[in-house]
Amino acid sequence: MKDIIAHKEHHHHPENILDQGVPGGIQKIVLAGNPNVGKSLFFNFLSGTYVDVSNFPGTTVSITKGFYKNSEVYDTPGVYGVSSFNDEEKVARDIILEADIVINVVNSLHLERDLFLTLQLIDMGKKMCVFLNFSDELKKRKIKINAEKLSELLGVPVYETSAVKKIGFDKLDEAISTSKIGIQPDGLHHVLHETLNRVGSQAEALLITEGDEFVAARHDIPCGSGDDREFIYIERRNRVNEIVSTVEREDSSKGLFFNALGKYSLNPLTGIPILVVMLTILYFFIGDFVSQRVVNFTEKTIGKKYFEYYLKSYVANFTPSEITVSLKDEPDPAKKKRVYVFKDNLKEDVRKEQEFKHISRDENAVVDFTFSNPIAKILFGEFGIISMTITYLIFLLLPLVAAFYFAMALLEDSGYLPRLATMLDRMMNKIGLNGRAVIPIMLGFGCVTMAAITTRLLGSEREKTIATAILMYVIPCSAQLAVIAVLLSGAGVLPLLIYVTVIFSTLVIISTTLNKFLPGQSTPLLIDLPIMRLPRLDNAFKKTFFRTYGFMKEASVWFFVGALAVGILDITGMLTVFQNILAPVTIHWLKLPKEAATAFVMGVVRRDFGAAGLFGLNLSPMQITVALITITLFVPCIAAFIIMIKERGMKEGLIIWFSAWIFAFVIGGIVAQIII
Amino acid sequence: MTNKTLDKIKKGTYFTIEKLPSGIIKVQLIRLGISEGDTIFCLERLPGGTIIVQKNRQEIAIGFELAKLISVKIKIS
Numbered sequence: 030m031k032d033i034i035a036h037k038e039h040h041h042h043p044e045n046i047l048d049q050g051v052p053g054g055i056q057k058i059v060l061a062g063n064p065n066v067g068k069s070l071f072f073n074f075l076s077g078t079y080v081d082v083s084n085f086p087g088t089t090v091s092i093t094k095g096f097y098k099n100s101e102v103y104d105t106p107g108v109y110g111v112s113s114f115n116d117e118e119k120v121a122r123d124i125i126l127e128a129d130i131v132i133n134v135v136n137s138l139h140l141e142r143d144l145f146l147t148l149q150l151i152d153m154g155k156k157m158c159v160f161l162n163f164s165d166e167l168k169k170r171k172i173k174i175n176a177e178k179l180s181e182l183l184g185v186p187v188y189e190t191s192a193v194k195k196i197g198f199d200k201l202d203e204a205i206s207t208s209k210i211g212i213q214p215d216g217l218h219h220v221l222h223e224t225l226n227r228v229g230s231q232a233e234a235l236l237i238t239e240g241d242e243f244v245a246a247r248h249d250i251p252c253g254s255g256d257d258r259e260f261i262y263i264e265r266r267n268r269v270n271e272i273v274s275t276v277e278r279e280d281s282s283k284g285l286f287f288n289a290l291g292k293y294s295l296n297p298l299t300g301i302p303i304l305v306v307m308l309t310i311l312y313f314f315i316g317d318f319v320s321q322r323v324v325n326f327t328e329k330t331i332g333k334k335y336f337e338y339y340l341k342s343y344v345a346n347f348t349p350s351e352i353t354v355s356l357k358d359e360p361d362p363a364k365k366k367r368v369y370v371f372k373d374n375l376k377e378d379v380r381k382e383q384e385f386k387h388i389s390r391d392e393n394a395v396v397d398f399t400f401s402n403p404i405a406k407i408l409f410g411e412f413g414i415i416s417m418t419i420t421y422l423i424f425l426l427l428p429l430v431a432a433f434y435f436a437m438a439l440l441e442d443s444g445y446l447p448r449l450a451t452m453l454d455r456m457m458n459k460i461g462l463n464g465r466a467v468i469p470i471m472l473g474f475g476c477v478t479m480a481a482i483t484t485r486l487l488g489s490e491r492e493k494t495i496a497t498a499i500l501m502y503v504i505p506c507s508a509q510l511a512v513i514a515v516l517l518s519g520a521g522v523l524p525l526l527i528y529v530t531v532i533f534s535t536l537v538i539i540s541t542t543l544n545k546f547l548p549g550q551s552t553p554l555l556i557d558l559p560i561m562r563l564p565r566l567d568n569a570f571k572k573t574f575f576r577t578y579g580f581m582k583e584a585s586v587w588f589f590v591g592a593l594a595v596g597i598l599d600i601t602g603m604l605t606v607f608q609n610i611l612a613p614v615t616i617h618w619l620k621l622p623k624e625a626a627t628a629f630v631m632g633v634v635r636r637d638f639g640a641a642g643l644f645g646l647n648l649s650p651m652q653i654t655v656a657l658i659t660i661t662l663f664v665p666c667i668a669a670f671i672i673m674i675k676e677r678g679m680k681e682g683l684i685i686w687f688s689a690w691i692f693a694f695v696i697g698g699i700v701a702q703i704i705i
Numbered sequence: 003m004t005n006k007t008l009d010k011i012k013k014g015t016y017f018t019i020e021k022l023p024s025g026i027i028k029v030q031l032i033r034l035g036i037s038e039g040d041t042i043f044c045l046e047r048l049p050g051g052t053i054i055v056q057k058n059r060q061e062i063a064i065g066f067e068l069a070k071l072i073s074v075k076i077k078i079s
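Protein sequences appear in the order of chains A and B.
If you want my numbering, it's the position in the first sequence, counting the first as 1, plus 29.
If you want my numbering, it's the position in the second sequence, counting the first as 1, plus 2.
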């Protein structure tokens, strides 16, 4: 050790100046640790705000920054080591490289796994301290960790905490002020010597020697070979094992927590019934309760009846409008539909205005405003940037997305998701994916747009492409599912069977074809299975809040853009042109009435608009089947399309989008020719 | 004492890791706590061949394709 210090002083590595604290600069404290060790709770405590940086469901990779006393505090995504294997690691790596002090949070139950990162941080020469989290769980399981001994072996301060119960947080001040550089293995500095002279920072020198191409490229020097990395990793692994065997003692093997549910959910034999139960509960919560009851209230009542009505009737004070009021339950056809035309604005005829406002307040009234002024139309019309987008975003999407994130947060906290991924791994292999891809595909049944973002968590570009294609082609989102369910339940059993068979076969055919012809290789499954436990509600609520917020922030802009595009199509008459172009295909090939084309054009904007357009058409059960198959395979909504372009690039996005037109009409048509 | 690849290991077997595939996957395995020479327990073998191994309290799922690339030596079955 002395040797190393002497060596460093001799070379005057700039990092040493950093170690003594930056005079005048702000100290950077960085929280680092493996996934799910409770880093965010530490960050929360230090900076006073809640953060959510979670690995498994593939939330946006971002760094969260806060302030503690005179220091900046950074939270990082959970990683098993500092390197550049994926986006999360790259983000974590950069922020750790800049750290003045690293607070390393460790899961006491998985010391062997977690100390690997700890030793790497020590080898990087970072000033640091270690917090052994979940110390209360240790006691339950009769495991003892000698923290004093561990501190002695590592050469850095070690504290025991239970972040959930806020035990041990009082030691944070002390830990930060007594943080120091840990004990590095004797040979390390000699291995790093040459690189260190060139890059000047021990941390970067270590990463380069460990083969980190990105850091090496920054300094424009060749990175270490795979052999160097392996050598260092194996040596480090041995040190970890040695340390763990010295400091950890297990009193009774009965303390081993055996979770039967966790075990049963792995094997398909028992796991599939468990999955079915889970999905049924999910269906009742999201499919029935939220997307029917809650959304009915928020979208139809709050959104349409109040928000849009008041907004539009206010706008009508200033511009010409045609207002149609339909009364659903009115038996008298003369009174069923009334049209009020205001050539200038509402104020031109006070009596007419009062009559329309009076009737509009009827519980069954549906009020449609048509503005002739193009600007009013774009902003407040049927596809209005302000009217439709806000109703859609806040009153329809928000409750759905929140419900989905809430359910996902519960599943994630329980430790079920990695087990589900494991159980379905072999099945997913057949379509070129590994078990992890279950998550984006499951999310797709909620919202394809949201799911497209989570394809980020997959291991290779190839897998991301396959998963995105499946989502965009065959997975109906919850909004569309609701309409499909209503139409199919009216059509009978045979249509349902045909529908499910066709959609499922399409999924299998498309994904196996992609798997066969896409170049490259998919990554095999390798995940650690966290313990099963009851999810904590407060944590789930917090996660839901922050993820929903993140999603809305990311997606909202694109909804406005999409609405603008369709608004312009509508005003310029392009929408009608499209309908006419599609009409022959609709009538002869799909054997559907001409008006069904409207449903397809609308489907470009929103999938459920498309499906809902079929309601009033008086279709036979087989026609319903064909129409629903076509609509399901048809292009995703504008928002999903734009997110897809953003995630997968213009070329791939456009190929998927245009081929969805082809698949939808070809497959829908073939089915039509057979069954109608 | 027989040499096999991990995908052939039966449930309830203790085995040592003889050789891991090289490259990034090896590094990821080492970080999760699986390295050459380690003794590991096969906790479960799912139909289709996905293997769940246990080392101390850590459970790790390994896909069939990866398991085929890991050479192991059976210790106690």
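The C-beta atom is built at its ideal place from N, Cα and C for all residues, glycine as well.
The structure presented is a predicted model; accordingly, all values stated were derived computationally and were not measured.
Chain A contact residues for residue i, given Cβ-Cβ distances below 9 Å
| i | result |
| --- | --- |
| B/Glu20 | Per Cβ cutoff of 9 Å: no residues; B/Glu20 is ~14 Å from chain A at best. |
Interface residues of chain A facing residue i [CB-CB closer than 8 Å]
| i | result |
| --- | --- |
| B/Ser24 | Gly255, Glu259 |
Test item: CB-CB of residue i and residue j under 8 Å
| i | j | result |
| --- | --- | --- |
| A/Leu144 | A/Gly110 | no |
| A/Leu500 | A/Ala480 | yes |
| A/Ile210 | A/Lys155 | yes |
| A/Val185 | A/Ile151 | yes |
| A/Leu70 | A/Ala176 | no |
| B/Phe17 | B/Ile42 | yes |
| A/Phe160 | A/Leu138 | no |
| A/Glu239 | A/Ile172 | no |
| A/Val371 | A/Asp361 | This sequence places Phe at residue 371 of chain A; Val is not what is there. It is not a contact, given that the beta carbons lie outside the stated cut-off. |
| A/Asp129 | A/Gln213 | no |
| A/Tyr338 | A/Val396 | yes |
| A/Lys440 | A/Cys476 | Looking at the sequence shown, residue 440 of chain A is not Lys but Leu. In this structure, A/Cys476 does not lie closer than 8 Å to A/Leu440 by Cβ. |
| A/Val630 | A/Leu604 | yes |
Per DSSP, the bridge partner or partners of residue i
| i | result |
| --- | --- |
| A/Phe96 | A/Glu101 |
| A/Tyr369 | A/Ile352 |
| B/Tyr16 | B/Phe43, B/Ile78 |
| A/Leu555 | B/Ile64 |
| A/Phe160 | A/Val134, A/Tyr188 |
| B/Ile53 | B/Arg47, B/Ile64 |
| A/Arg278 | A/Lys173 |
Where residue i sits in the DSSP three-state scheme
| i | result |
| --- | --- |
| A/Arg635 | coil |
| B/Ile11 | coil |
| A/Ala245 | helix |
| B/Ser73 | strand |
| A/Gln550 | coil |
| A/Leu523 | helix |
| B/Asn58 | coil |
| A/Glu127 | coil |
| A/Met30 | Its pLDDT being 38, under 50, A/Met30 is placed unreliably in this model, and the value from its coordinates should be taken loosely. Coil at A/Met30, not helix or strand. |
| A/Gly62 | strand |
| A/Asn709 | One cannot answer for residue 709 of chain A here, as it falls past the ends of chain A, which runs 30 to 705. |
| A/His36 | Interpretation of A/His36 is limited by its pLDDT of 42, a score under 50 that renders its predicted location unreliable; the figure taken from the coordinates is listed afterwards. Helix, per DSSP. |
| A/Arg565 | coil |
| A/Lys341 | helix |
| B/Lys6 | strand |
| B/Lys21 | strand |
| A/Lys57 | strand |
| A/Glu492 | helix |
| A/Met153 | coil |
Interface partners of residue i on chain A, CB under 7 Å
| i | result |
| --- | --- |
| B/Val29 | Arg258, Tyr262 |
| B/Thr41 | Under the 7 Å cutoff, chain A gives no residues; its nearest Cβ is about 11 Å from B/Thr41. |
| B/Asn58 | Glu141 |
Listed by chain order, chain B residues near residue i by CB distance under 8 Å
| i | result |
| --- | --- |
| A/Phe145 | Ile32, Arg33, Gly35 |
| A/Thr451 | Leu48, Thr52, Ile54, Ala63 |
Contact list for residue i against chain B, beta-carbon separation under 9 Å
| i | result |
| --- | --- |
| A/Arg455 | Leu48, Pro49, Gly50, Gly51, Thr52, Gly65, Phe66 |
Closer than 7 Å: residue i CB and nearest the ligand SAM heavy atom
| i | result |
| --- | --- |
| A/Val595 | With respect to the ligand SAM, the structure shown offers nothing to examine, as it has no ligands at all. |
Chain B residues whose Cβ lies nearer than 7 Å to that of residue i
| i | result |
| --- | --- |
| A/Gly110 | Arg33 |
Could you name each continuous beta strand (DSSP E) segment of 3 residues or more that falls completely within the stretch 167-242 of chain A, going from the start of the chain to the end? 172-174, 187-189
Threshold first: 4 residues or longer. Then list the alpha helix (DSSP H) segments lying entirely within the stretch 368-409 of chain A, N to C. 379-389, 403-409
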